[in-house]
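Residue 3 is where the first sequence starts when you use this note's numbering, and the numbers rise one by one after that.
Ideal Cβ positions, reconstructed from N, Cα and C, are used throughout, including at glycine.
Given the structure is predicted, the values throughout are model-derived calculations rather than measurements.
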Amino acid sequence: MEIYNTMTLKKEPFEPINDGEVRMYVCGVTVYDDCHIGHARSSVVFDVIRKYLKFKNYKVTFVKNFTDIDDKIIKRSNEIGISWKELTAKYIKSHDDDMSALLVEKPDYTPKATEFINEMIELCEKLIEKGYAYEKNGDVYFKVRAFENYGKLSHRSIDDLLAGARVDVSEIKDDPLDFALWKKSKENEPAWESPWGPGRPGWHIECSAMSSKILGIPFDIHGGGKDLVFPHHENEIAQSEASEGKMFAKYWLHNGFVNINKEKMSKSLGNFFTIKDILKEFDPEVLRYFLLTTHYRSPLDFSRDNLIEAERALDRIYTALDELLTYRPVKKSKNLTEDVKKLEAGFIEGFTRSMDDDFNTPSALAHLFEFIKSLNIIISNKPDEESFTILESVVKKVRKICLDVLGIIQKEPEEWFKANLAIDEEELNKLIEERNLARKNKNFAKADEIRDYLKQKGVELLDTLDGTKFRAKRVR
RNA sequence: GGCGACGUGGCCGAGUGGUUAGGCAGCGGUCUGCAAAAUCGCUUACCCCGGUUCAAUUCCGGGCGUCGCCUCCA
Numbered sequence: 003m004e005i006y007n008t009m010t011l012k013k014e015p016f017e018p019i020n021d022g023e024v025r026m027y028v029c030g031v032t033v034y035d036d037c038h039i040g041h042a043r044s045s046v047v048f049d050v051i052r053k054y055l056k057f058k059n060y061k062v063t064f065v066k067n068f069t070d071i072d073d074k075i076i077k078r079s080n081e082i083g084i085s086w087k088e089l090t091a092k093y094i095k096s097h098d099d100d101m102s103a104l105l106v107e108k109p110d111y112t113p114k115a116t117e118f119i120n121e122m123i124e125l126c127e128k129l130i131e132k133g134y135a136y137e138k139n140g141d142v143y144f145k146v147r148a149f150e151n152y153g154k155l156s157h158r159s160i161d162d163l164l165a166g167a168r169v170d171v172s173e174i175k176d177d178p179l180d181f182a183l184w185k186k187s188k189e190n191e192p193a194w195e196s197p198w199g200p201g202r203p204g205w206h207i208e209c210s211a212m213s214s215k216i217l218g219i220p221f222d223i224h225g226g227g228k229d230l231v232f233p234h235h236e237n238e239i240a241q242s243e244a245s246e247g248k249m250f251a252k253y254w255l256h257n258g259f260v261n262i263n264k265e266k267m268s269k270s271l272g273n274f275f276t277i278k279d280i281l282k283e284f285d286p287e288v289l290r291y292f293l294l295t296t297h298y299r300s301p302l303d304f305s306r307d308n309l310i311e312a313e314r315a316l317d318r319i320y321t322a323l324d325e326l327l328t329y330r331p332v333k334k335s336k337n338l339t340e341d342v343k344k345l346e347a348g349f350i351e352g353f354t355r356s357m358d359d360d361f362n363t364p365s366a367l368a369h370l371f372e373f374i375k376s377l378n379i380i381i382s383n384k385p386d387e388e389s390f391t392i393l394e395s396v397v398k399k400v401r402k403i404c405l406d407v408l409g410i411i412q413k414e415p416e417e418w419f420k421a422n423l424a425i426d427e428e429e430l431n432k433l434i435e436e437r438n439l440a441r442k443n444k445n446f447a448k449a450d451e452i453r454d455y456l457k458q459k460g461v462e463l464l465d466t467l468d469g470t471k472f473r474a475k476r477v478r
């Protein structure tokens, strides 16, 4: 298996620090608002990575934190007039609801920054002691120039940073490059006691403190959105490696952004959709599937049309599964065991090859569709009892992989096609009966009239040997 | 300004030094009372200019374009 490492800008063979075990830490969200599609992407991507590693039989320990104290939280809670605790509790719940809708598995640990204040203070003290940090007026700053390899993750030199001319020229800091580890609290701000007076943690230190406490360092995988490479992850490395004198994390993975019209979706541009917005119109499975149609490192263009396309792709999968459920071996059926075995081997091989290549989900999905196509062909070639039984078990196995790793094909076809029923089911059944009566009497005009009426409502009728079935699609 | 990524058929989106990605949409055939689904066939692409090579969409150089990071951000 190869994975791309931001640290080296290359795909590298994946070799965990301890055999058979993977410890991973992903930066979570700052909880002051509902999650948007960008958060959904990061969550789903790392959920799939975690699940694929488990599929490969690694024992995975997965940590994703909540940042529950920072400037934006303080600002927002003041605006609304509730405490930071109430605010963050509310949005942690909102986050958890979104994640469970998207079938994102709960991490093994979900630490909150404010639960690790002591560890952060200790880390600050240690850094001061070692000469990597200093206190000024109740703030504590990290001395960037003291850390030799600063910039190694984001591949920039200290000179580059200064040339950017955007570095904060603070009159308090010794050097404009230095960043805050601990901030003195102002009046009426949340505060914790510290050796430097009442204050609160800086942004980056929480992840250093929580990851080393929970996982120990070095750990295997550190992940997050591309925007965290600098300064967040760069600063985490500086803090942790300076204090511990050893490597912080081995592989650094970063997911690409969600774009709207080629532009990054972000709060400041105001061009974002929340997960909840999307789930008003689309099944969460559609969103999840959509997020996996592009490689995790590439930008993903978000649009309603693309979601509709994702929904249609899932329709194709569920349709095939539905056909399988309906199939019954008949007298003139054939033994297709060989074809079925080829089908299984082809999928497993293609799927793992794709996923082994830096978690290439679009390619993995292509293999799924090849599987679906072959499945359709086998069914239309009428497998006999024996080969059909094997076929069923193969499909079951493939479905399990899709669900366990990608988190898709969550439902039974019936459930999928009923979810969008825009007409009362009783009325529908009545109409189907009426139509079948008309067909029996060769009154095809009437039969077609009913079909057309239902089609308008998004309901497709299928005349099969077992009777008339329906599949409902959303009317837009 | 510095650093980086990307530019594939109507759309989305993988990938490769020479052989069909896949999905969606469209057209035609089979099937069907008609449909739907499925299947078969068609529409066969790789920003521009040089270079390397028997051969480049794929490697190298240049150009153009788009985007990102350098400030809070998944």
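Exposed or buried, which one is L293 when buried takes at least 16 other CB atoms within 10 Å?
-> In the first sequence, counting from the first residue as 1, residue 293 sits at position 291. Result: buried.
How would you call K145, buried or exposed, if buried means at least 16 neighbouring beta carbons within 10 angstroms?
-> Translated into positions along the first sequence, residue 145 becomes position 143. So K145 counts as buried.
Where do the N-terminal and C-terminal ends of the alpha helix (DSSP H) with H97 fall, by residue?
-> Position 95 of the first sequence holds residue 97. Going by DSSP, H97 is part of the alpha helix (DSSP H) stretching over W86 to A103.
Could you have a look at A193 and say whether DSSP puts it in helix, strand or coil?
-> Position 191 of the first sequence, counting from 1, holds the residue named residue 193. Coil at A193, not helix or strand.
Residues near M3 by beta carbon distance below 6 Å, same chain, minus five either side = Translated into the one-based positions of the first sequence, residue 3 becomes position 1. Only F16 and D358 meet the Cβ criterion.
Three or more beta-carbon pairs under 8 Å between the segment 57 to 75 and the segment 304 to 319, yes or no?
-> With fewer than three CB-CB distances shorter than 8 Å, the segment 57 to 75 does not count as touching the segment 304 to 319.
Out of D324, E394, E265 and R330, state which residue places its alpha-carbon closest to the alpha-carbon of K343.
-> The residue you call residue 343 lines up with position 341 of the first sequence. Of D324, E394, E265 and R330, the residue nearest in Cα terms is E394.
Would you list the residues sitting across from Y143 in a DSSP beta bridge?
-> Position 141 of the first sequence, counted from the first residue, corresponds to residue 143. DSSP lists Y136 and A182 as partners of Y143.
Using alpha carbons as the reference points, say which of A447, G258, N438 and P220 lies closest to S242.
-> In the first sequence, residue 242 corresponds to position 240, counting from 1. The candidate whose alpha carbon is nearest that of S242 is P220.
Bridge partners of D303, per DSSP?
-> Counted from its first residue, the first sequence places residue 303 at position 301. D303 pairs with N261.
Rank M212, K264, I434 and R476 by C-alpha distance to the C-alpha of L423 and give the top, closest one.
-> As a working note, residue 423 is residue 421 in the first sequence. Taking only the C-alpha atoms, the option nearest L423 is R476.
Member of T363, K442, G226 and N273 whose CA lies at the smallest distance from the CA of N263 | Residue mapping note: residue 263 aligns to position 261 of the first sequence, counting from 1. Distances from the CA of N263 to each of T363, K442, G226 and N273 were compared; the closest alpha carbon is that of N273.
How is K398 classed by DSSP in three states: helix, strand or coil?
-> Locating residue 398 in the first sequence gives position 396, counting from the first residue. When DSSP states are grouped into helix, strand and coil, K398 belongs to the helix group.
How many angstroms separate the CA atom of S300 from the CA atom of H256?
-> Looking up residue 300 in the first sequence gives position 298. Looking up residue 256 in the first sequence gives position 254. Distance between the alpha carbons of S300 and H256: 10 Å.
Taking Cβ to Cβ, would you say E325 is nearer than 8 Å to G352?
-> For the purposes of this step, residue 325 is identified with residue 323 of the first sequence, where counting begins at 1. For the purposes of this step, residue 352 is identified with residue 350 of the first sequence, where counting begins at 1. Not in contact: E325 and G352 (Cβ atoms no closer than 8 Å).
Anyone know if the C-beta pair for R202 and S213 falls short of 8 Å?
-> Residue 202 sits at position 200 when you count from the first residue of the first sequence. Residue 213 sits at position 211 when you count from the first residue of the first sequence. Taking 8 Å as the Cβ cut-off, R202 and S213 do not qualify as a contacting pair.
DSSP three-state assignment for I19, whether helix, strand or coil = For the purposes of this step, residue 19 is identified with residue 17 of the first sequence, where counting begins at 1. Looking at I19 - three-state DSSP - the assignment turns out to be coil, as it is neither helix nor strand.
Tell me F292's beta-bridge partners as DSSP assigns them.
-> Taking the first sequence and counting its residues from 1, one reaches residue 292 at position 290. F292 pairs with nothing; no bridge assigned.
Helix, strand or coil at V31 [DSSP, three-state] | Position 29 of the first sequence, counted from the start, is the residue given in the question as residue 31. Under the three-state reduction of DSSP output, V31 falls in the strand class.
Identify, in the order they occur along the chain, each residue of the same chain with its Cβ nearer than 7 Å to the Cβ of A322, setting aside the five sequence neighbours on each side.
-> As a first step, residue 322 must be located in the first sequence, where it is residue number 320. Excluding sequence neighbours, A322 sits near I374, L377 and N378.
Per DSSP, which residues does F221 bridge with? Please list them.
-> Counted from its first residue, the first sequence places residue 221 at position 219. Answer is A251, bridged to F221.
With 16 as the cutoff for other CB atoms within 10 Å, does V260 come out buried or exposed?
-> As a first step, residue 260 must be located in the first sequence, where it is residue number 258. With 16 or more other Cβ atoms within 10 Å, it is buried.
Mind checking Y455: buried by the 16 CB within 10 Å criterion, or exposed?
-> Within the first sequence, residue 455 is the residue found at index 453, counting from 1. So Y455 ends up on the exposed side.
Let me know the secondary structure DSSP gives H235 once reduced to three states.
-> Here the question's residue 235 lines up with position 233 in the first sequence. Secondary structure at H235: helix, using DSSP grouped into helix, strand and coil.
From which residue to which residue does the alpha helix (DSSP H) around K459 run?
-> Sequence index remark: in the first sequence, residue 459 carries index 457 (1-based). That residue, K459, is in no alpha helix (DSSP H); it is neither H nor E in DSSP.
In or out: D285 buried (at least 16 other Cβ within 10 Å) or exposed?
-> Within the first sequence, the letter at position 283 stands for residue 285. Classified as buried, D285 has 16 or more neighbouring CB atoms from the shown chains inside 10 Å of its CB.
Test item: CB-CB of I51 and F361 under 8 Å | Looking up residue 51 in the first sequence gives position 49. Looking up residue 361 in the first sequence gives position 359. It is a contact, given that the beta carbons lie within the stated cut-off.
Just reading off the beta strand (DSSP E) that P203 is part of, what are its end residues?
-> For the purposes of this step, residue 203 is identified with residue 201 of the first sequence, where counting begins at 1. Taken as a continuous stretch (DSSP letters only), the beta strand (DSSP E) holding P203 covers G201 to P203.
What are the boundary residues of the beta strand (DSSP E) that includes E4?
-> Taking the first residue of the first sequence as 1, we reach residue 4 at position 2. Residues E4 to N7.
Which term fits T90, buried or exposed, when burial requires 16 or more other beta carbons within 10 angstroms of its beta carbon?
-> The residue you call residue 90 lines up with position 88 of the first sequence. T90 should be labelled buried.
Cβ neighbours of I410 in the same chain (closer than 7 Å, five flanking residues each side left out) = Here residue 410 corresponds to residue number 408 of the first sequence, with the count starting at 1. For I410, the CB contacts under 7 Å within the same chain, skipping 5 residues up- and downstream, are E287, R290, Y291 and C404 in chain order.
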